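Structure, as structure tokens:
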Amino acid sequence: MELISDQTLGKKTGMNDRLLVNNPVKEKSSEHYLGRRGTTVFYDDFSSGDIDPKKWSTDIMAVGLGFDIWSPESNNSYVKENTLYIKPTLTADRFGDEIFYNGTIDVRKVWGSCHPDWGVESCVTQGRQNRPIMSASLRSSGHIKYGRVEVVAQLPKGDWLWPAIWMMPVEGFYGGWPRSGEIDMMEAACNLHLKYPDGTSAGADHMGSNLHYGDGRNGTNQISRPFSYSLNGTTFGDGYHTYWLDWTENYIRTGVDDHTVLAVDTPPQGFWNASHLNGTNIWAHGAKNAPFDKPFYLILNVAVGGGYFWDGYINYPYKRPWTTGASDDYFQFWEGRHLWLPTWHGEDIAMKVKSAKMVQY
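The numbering used here applies: residue 288 is where the sequence shown begins, and numbers increase by one.
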């Protein structure tokens with residue numbers, strides 16, 4: 288899908304998004320738990336003992352969301368004890384250290400395909416552009432237009448790990464990202480000692496939720512709606528939590544357990560006019576809640592590094608080991624592995640998923 292090529296290369300960096308709302312913790316019970324009726328259209332508790340290809344497709348790309356390759360290999364995504372594991376590994380363990388100096392990674396030759404195939408830039412990398420991490424991104428076969436999504440998961444622990452549970456449109460009805468919208472149910476930075484400039488935690492005890500939309504002209508004219516929630520005295524990597532979405536034509540809510548994190552109502556005048564976006568309304572022929580008026584599917588992934596870790600973050604006991612915008616930021620990250628690799632411990636660095644459910648209203 289052409290949509291994916293635009294959406295993922297530009298998504299989640301936050302660098303060009305205009306922040307319309309930055310709402311901190313909301314600690315109230317959600318309407319999600321009032322038991323609205325619906326039909327379950329997708330469910331997986333991973334009791335089959337393997338990743339069901341009828342339920343999930345695995346991305347295969349030389350370029351992931353951060354400093355990672357999307358890999359189909361069984362050490363990056365697997366099922367154990369009725370639990371899905373999405374676990375980053377070192378590219379050098381698979382291809383050797385020399386891959387970062389004079390090697391080429393062509394995922395079509397390594398794994399037989401490139402999906403989604405955006406052309407050579409997403410399928411082939413060379414030398415210092417080779418990503419130092421291999422991880423996995425899974426997409427659901429099921430999709431909904433309005434309904435509930437619930438994912439029971441335990442997040443990773445370790446520096447620069449970036450798990451996400453999110454939704455993207457099945458078709459790019461309004462065009463490439465962010466024109467057709469994006470719903471981020473959960474994103475997190477899993478460093479144990481990461482803080483915002485004001486000293487509040489931004490790490491493993493903290494999660495965010497977001498909406499992205501706009502026409503994205505020249506990397507601008509788009510909106511980000513970030514909301515966040517933090518635990519007290521523990522991290523999201525210490526146990527399982529239920530991450531959820533409650534979505535109707537009138538509102539979008541996301542949350543974790545019994546806490547609402549993101550709460551956005553459909554504006555009476557529509558998202559384009561309410562957000563004061565410039566130019567012609569690209570959603571004029573859609574519903575009032577466009578672009579969130581089309582079917583969306585579910586994505587589960589763990590990225591590493593990249594634009595999610597913005598310049599203002601303060602990490603202890605060392606600074607972020609790459610420079611934003613540097614042509615060799617992937618290689619800088621790899622060269623700094625003596626700093627972050629000691630924080631990665633076994634399967635603690637995996638996102639563990641007990642179940643995923645989609646209910647259509």
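Heads up, the beta-carbon is just placed ideally off N, CA and C, and yes, glycines get one too.
All values reported here derive from a predicted model rather than from experimental measurement.
First through last residue of the alpha helix (DSSP H) which encompasses I386: Per DSSP, the unbroken alpha helix (DSSP H) holding I386 starts and ends at 386-389.
Rounded separation between Y648 and G351 - CA only: 32 Å
Alpha helix (DSSP H) segments (min. 4 residues) lying fully within the region 465-552: none
Reduced DSSP secondary structure (H/G/I, E/B, other) of V350: Of the three classes helix, strand and coil, the one that applies to V350 here is coil, per DSSP.
Closest Cα partner of Y483 within the set F618, W570, Y600: Y600
C477 and P443 closer than 8 Å at C-beta: yes
Cβ pair S422, P375 closer than 8 Å: yes
8 Å Cβ cutoff met for S361 and Y372: no
S334 burial status per 10 Å Cβ neighbour count (16 or more: buried): By the 10 Å Cβ count, S334 comes out exposed.
Length at least 4, wholly inside the region 608-638: the alpha helix (DSSP H) runs in chain order: 616-622, 624-627
7 Å CB neighbourhood of T553 in its chain, flanking five on each side removed: E536, N537, Y538, K575, N576
Where H625 falls, given that 16 or more other Cβ within 10 Å makes a residue buried: exposed
Under 8 Å between C-beta atoms of S496 and M473: Against a cut-off of 8 Å, the Cβ pair of M473 and S496 comes out as a contact.
Element boundaries [alpha helix (DSSP H), containing G557]: 557-561
Beta carbon of Y595 nearer than 8 Å to that of V548: no
Closer than 7 Å: S515 CB and nearest the ligand NAD heavy atom: The ligand NAD is absent from the structure shown, which contains no ligand whatsoever.
Backbone secondary structure at R395 - three-state DSSP: helix
A423 in three-state terms, based on DSSP: DSSP places A423 in coil when its eight states are reduced to three.
CB of F329 within 8 Å of CB of S427, strictly: yes
Element boundaries [alpha helix (DSSP H), containing D380]: 378-382
Identified DSSP bridge partners for P554: BP columns for P554 are empty, so no partner.
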